[in-house]
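Engineer:
Numbering (this note's numbering), first residue to last: 47 to 142.
#1: Go to residue 56, then tell me how far its beta strand (DSSP E) extends in each direction, as first and last residue.
#2: Beta-carbon separation of residue 136 and residue 105 under 8 Å?
#3: To the nearest angstrom, how far is it from the Cα of residue 73 to the Cα of residue 130?
#4: In the DSSP assignment, find the unbroken beta strand (DSSP E) run with residue 103 in it and report its ends.
#5: Which first and last residues belong to the alpha helix (DSSP H) in which residue 82 is found?
#6: Are there 16 or more other CB atoms within 10 angstroms of the CB of residue 115, so buried, or fewer, so exposed?
#7: Using a 10 Å radius around the Cβ and a threshold of 16 neighbouring Cβ atoms, would you call residue 111 buried or exposed?
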């Protein structure tokens with residue numbers, strides 16, 4: 047699991063529903079017991095500065111357009127994150 051990977055996480059309070067999340071933690075902390083991610087949501091808001099939209103591609107593994115919730119950074123225990131389902135390309139990671 048490295049920065050830029052998309053993984054699934056099950057969050058408490060969301061009925062255990064797995065949600066995609068973008069790994070943003072530096073690879074230098076790979077031995078840490080937790081990983082910092084940004085949640086993704088298919089419920090789209092008109093807030094492009096804090097909710098950039100990512101279109102599904104074979105590389106990223108998403109099944110529908112989703113928004114990266116920049117305002118919802120969380121840390122989860124590594125064992126609560128599933129294996130990578132895909133990866134965002136460099137152009138998307140450097141979005142401004």
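Ideal Cβ positions, reconstructed from N, Cα and C, are used throughout, including at glycine.
Structural biologist: The relevant details are as follows:
#1: 51-56
#2: no
#3: 14 Å
#4: Run containing residue 103: none; DSSP gives neither H nor E here.
#5: From DSSP, residue 82 is part of no alpha helix (DSSP H) but of the beta strand (DSSP E) over 80-87.
#6: buried
#7: exposed
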